[in-house]
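Enquirer:
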Amino acid sequence: MNRGLMLKFENLVQFRGACRQLRTLSYRKVPRAQWKPVQSSAHPGWSGLLYPQFWQKDKLSSIALSQCRHLATKEETRKKKRKVPLTKGEVEIRQKMTVEELARAMGKDIDHVYEALLYTDIDLDSLEPDSVLYEDHIKLIVKKSGMKYKSAKLKEEKERENRDAVKRPPADPAVLTPRPPVVTILGHVDHGKTTLLDSLRKTQVAAMEAGGITQHIGAFLVHLPSGEKITFLDTPGHAAFSAMRARGTHVTDIVILVVAAEDGVMQQTIESIQHAKNAGVPLILAINKCDKPEADPERVKKELLAHDVVCEEFGGDVQAVNISALKGENLMVLAEATVALAEMLELKADSTGLVEGTVIESRKDKGKGPVTTAIVQRGTLRKGCVLVAGKTWAKVRFMFDENGKAVDTASPGIPVEIMGWKEVPSAGDEILEVESEQRAHEVMAWRTYAEQQERMKRDAEVIEAKQKEHRMEYEKKQQKLAYLSWRQRKAALYKANKHLMFSKPKERTEMDKNVLSVIVKGDVDGSVEAILNILDSYDADDECKLDIIHFGMGDISETDVTLAEAFNGVVFGFSVKANESIKQLAAKKGIKIKLHNIIYKLIEDLKDELNNRLPPAVVENTIGEASVLDIFSVTVGKSKVPVAGCRVQKGLLDKKMRFKLIRNDDVIWKGSLSSLKHHKDDVPVIKAGMDCGLSLDKYIEFNIGDKIVCYEEKEVQQTTSWDPGF
């Protein structure tokens, strides 16, 4: 017989057997305990199928049943379910429990938790079994289930040992040796601070600076003819660099306050005096530009009395020296006054043991990598020393003095440029020497851990405050809908928020237009800090949001351009460069790169970018006005149209322009005219003193005494209300 016919016959027999067994199942009560897996002898591949033992006699029936769907009994389904110990009305809860974990702790299924969550403000559509629940929601679910809760005992985390580097105890006075004084020059912008230092160093520092304004701090060692050494810190006088001036006073021994004789006490002069007082540092007054005809040193001294700076001739302890930094007059008198004050202070330091110092300035050099300008305050710095500062460390590779000459050692009070940092530390960070690189890694690990713990603590406080605020808002909404069932409540909330769902894409588009994303790159850490401090004062987010997406040190890179492209931003560079390939890449991608050497010009440029992001304001220019003297109506088709008989009081009425109807100083309509007539003739323009009849493009009843105003709309570029303070 044909093999194909045999297979068809066998299938037919199998189907008949299956039908017979199904009929048997419907008429006979089969004990469920008799179901078990049996291996079919005819077809060994079909296994693990269930049917009663007394059906095994019929081979064809067993084969037919093996092809049917596996039927699971209730007992087997219960066995497969994981048995959860039922709680006696008390549930042990903990923070950050998932839906599944809470259901298991309560001895309930997940659907029960979902049902209880209907009483909360959680969006059930976005909830999964592994979604984390807030503690307030966990407690509410347990309460709604008629149970009590108790907090789980937390495993006490083993407290980590503090492995941070710390300063050494004070040194024995017997080992202290004299050190050069650290002198900071403070004062207002353009009062001659850099010129003074330039005259002392006999170099042309001032000629190299943009606009004659010091853009970042500088540390220099000056050798006087008498053999004395003085370390000078030249700090910026611009308003933007307040933090850098404050940092300079914290590492200094003496402050020289430079005041121009013709200008007197200015804003940054007062601020500098305050910095010196806060640091507890003595002052020396240098009255500069005394060679000018309008100079008045006595007026300067009297003005300073109002700020508790009393010169010696008025019975105080502040030395005052009249100088001319440009001509070099009385500079040695100023230097001698500084040395004399330093001798009175008896400045000494311990030059042995591990090094301690302070980062004065830091930057990323293209050839040298991360570089810092630092002042050693204790110990002697040598090549190979392992240093930690802030969140980075260094193995000193090279050291340079203020003239770029390599040096092997640096003793206390000496400024030095250090190479070998893994990352750029922040200006003002404390430098400490450690025994080895392994110890430096331990310090970095501890500081990272401590920072994470502090951040987690702050985040927890913010989250808790937000949760509390959200809970109060939610409870207020629930109180308004308390009389409704939960289904009605959900429907009401959906209707209330429905408009937001459809407006989100439009809102997002408008938001993107009113956001200025900026990338800030600077030459040194202090410059970037100063720019960010100015941007922190931005208070016009309602006009245009200012978003700082990245900041750092060094020249403009390809990464900066790519990041700016992603956020549709602008790259601002301060005293940095962008090579030709970067400029071409930026031009190709449509990214603006703004490079500046003077800080206030950078801020002005940034304000222009903000103005360009603002939507134009629509201004109405009045062209003419007319008064309604009479009212009548005309029939057009089957409808009556109100017509106003008017006289033009001033200007003219142009039918092409926009019009508005004013009644009792209130604008009740804006639009265009449907007709404008003079002596039954349609006219385009009615001039002052002429009578006319007009009708509007909308049915509105006129009153005698109404005003018709003809105007045109013009778009005017808005300007930001943000004032950076200079």
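Residues 1 to 726, numbered by the UniProt record's numbering, are exactly what the sequence shown covers, in order.
Each residue gets a CB set at the ideal place from its N, CA and C atoms; glycine is no exception.
Taking the straight line between their C-alpha atoms, what separation do you get for E101 and L140?
Expert: Between E101 and L140, the C-alpha separation is close to 15 Å.
Enquirer: Quick one: using the 10 Å Cβ neighbour count with 16 as the cut-off for buried, is Y474 buried or exposed?
Expert: Exposed, since its Cβ has fewer than 16 Cβ neighbours within 10 Å.
Enquirer: DSSP beta-bridge partners for S527?
Expert: BP columns for S527 are empty, so no partner.
Enquirer: Give the straight-line distance between the Cα atoms of D706 and V618, rounded to the nearest whole angstrom.
Expert: Cα-Cα distance, rounded: 25 Å.
Enquirer: CB E558 to CB I582, shorter than 8 Å?
Expert: Yes.
Enquirer: Under a Cβ-count criterion, where at least 16 other Cβ atoms within 10 Å of its own Cβ denotes burial, should P85 be classed as buried or exposed?
Expert: Note on P85: pLDDT 46, under 50, position unreliable in the model; the coordinate value appears next. The residue is exposed, with fewer than 16 neighbouring Cβ atoms inside 10 Å.
Enquirer: Provide the residue(s) that pair with L381 in DSSP beta bridges, ordered along the chain.
Expert: Note: L381 sits in a beta bridge opposite A410.
Enquirer: Compare the beta carbon distance of A389 and P415 with 8 Å and say whether it is the shorter of the two.
Expert: Against a cut-off of 8 Å, the Cβ pair of P415 and A389 comes out as no contact.
Enquirer: Roughly how many angstroms lie between the CA atoms of R78 and V462, to the nearest whole one?
Expert: With a pLDDT of 49 at R78, under the threshold of 50, the modelled position of this residue cannot be trusted, and the question is left open.
Enquirer: Taking 8 Å as the cut-off, decide whether the C-beta atoms of L614 and Q488 are in contact.
Expert: No, Cβ-Cβ distance for L614 and Q488 is not below 8 Å.
Enquirer: Quick check: what's the CA-CA separation for W46 versus Q14?
Expert: Because the pLDDT at W46 is just 38, under 50, the model does not fix this residue reliably, and the value given afterwards should be weighed accordingly. In a straight line, the C-alpha of W46 is about 14 Å away from that of Q14.
Enquirer: Classify R378 as buried or exposed, calling it buried when 16 or more other Cβ atoms lie within 10 Å of its own Cβ.
Expert: Buried, since its Cβ has 16 or more Cβ neighbours within 10 Å.
Enquirer: Buried or exposed: D560, going by 16 or more other Cβ atoms within 10 Å of its Cβ?
Expert: The residue in question, D560, is buried, as its Cβ has 16 or more Cβ neighbours within 10 Å.
Enquirer: Nearest by alpha-carbon distance to I591: which of D630, E620, T635, L516 is it?
Expert: Ranking D630, E620, T635, L516 by Cα distance to I591 puts L516 first.
Enquirer: If you run the structure through DSSP and keep just helix, strand and coil, what is T195?
Expert: T195: helix per DSSP, three-state reduction.
Enquirer: Just list the alpha helix (DSSP H) runs in the region 424–489, keeping only unbroken ones of 4 residues or longer that don't cross its boundaries, in chain order.
Expert: If we require 4 residues or more, the alpha helix (DSSP H) runs fully inside the region 424–489 come out as 437–480.
Enquirer: In whole angstroms, what separates the C-alpha of D525 from that of I598?
Expert: Going by the C-alpha atoms only, they are around 16 Å apart.
Enquirer: Per DSSP, which residues does M399 bridge with? Please list them.
Expert: In DSSP, M399 forms a bridge with I418.
Enquirer: Compute the distance between the beta-carbons of V643 and G689, then report whether it is under 8 Å.
Expert: In this structure, G689 does not lie closer than 8 Å to V643 by Cβ.
Enquirer: Mapping the DSSP letters down to three states, classify N11 as helix, strand or coil.
Expert: Residue state, collapsed to three classes: helix.
Enquirer: Relative to the C-alpha of Q649, which residue among D691, D665, R658, G357 is closest?
Expert: Checked all of D691, D665, R658, G357; the closest Cα to Q649 is D691.
Enquirer: Based on Cα-Cα distance, which residue from K588, Y600, E565, Q584 lies nearest to S575?
Expert: If we check each option's Cα against that of S575, Y600 comes out closest.
Enquirer: Hey, how far is the Cα of E336 from the Cα of F398?
Expert: Taking the straight line from one Cα to the other gives about 34 Å.
Enquirer: Tell me which residue opens and which closes the alpha helix (DSSP H) that D560 is part of.
Expert: Looking at the DSSP string, the run of the alpha helix (DSSP H) that includes D560 is 558–567.
Enquirer: Would L481 and A465 qualify as a contact pair, given that the criterion is a beta-carbon distance under 8 Å?
Expert: Cβ atoms of L481 and A465: not closer than 8 Å.
Enquirer: Given a cut-off of 8 Å, decide if I323 and A219 are closer than it, judged by their beta-carbon atoms.
Expert: No, Cβ-Cβ distance for A219 and I323 is not below 8 Å.
Enquirer: By alpha-carbon positions, which one of D263, H137, V132 ends up nearest to K468?
Expert: Cα-wise, what sits closest to K468 is H137.
Enquirer: Could you check which residue in I418, T392, P412 has the C-alpha nearest to that of G404?
Expert: That would be I418, whose Cα lies nearest to the Cα of G404.
Enquirer: Using DSSP with H/G/I as helix, E/B as strand and the rest coil, what is N278?
Expert: Helix at N278.
Enquirer: If distances are taken between C-alpha atoms only, which option among T622, L535, I708, N162 comes closest to R663?
Expert: It is I708.
Enquirer: If you draw a straight line from the C-alpha of T372 to the C-alpha of V142, how long is it?
Expert: The alpha-carbon atoms of T372 and V142 are separated by roughly 58 Å.
Enquirer: Does the region 307–323 come close enough to the region 173–190 to have 3 or more Cβ pairs within less than 8 Å?
Expert: No, the region 307–323 is not in contact with the region 173–190.
Enquirer: Using C-beta distances below 8 Å, list every residue in its chain close to Y711, excluding the 5 sequence neighbours before and after it, in chain order.
Expert: Excluding residues within five positions, the ones whose Cβ falls inside 8 Å are E620, N621, T622, I623, M657, R658, F659, K660.
Enquirer: For L699, which of helix, strand or coil comes out of DSSP?
Expert: Checking the sequence shown, residue 699 turns out to be Tyr, not Leu. In this structure, Y699 counts as coil in the three-state DSSP scheme.
Enquirer: Go ahead and label N278 buried or exposed: buried means 16 or more other beta carbons lie within 10 angstroms of its beta carbon, across all protein chains shown.
Expert: Exposed.
Enquirer: Nearest to L285 by alpha carbon, out of V716, V359, L331?
Expert: Nearest option by C-alpha distance: L331.
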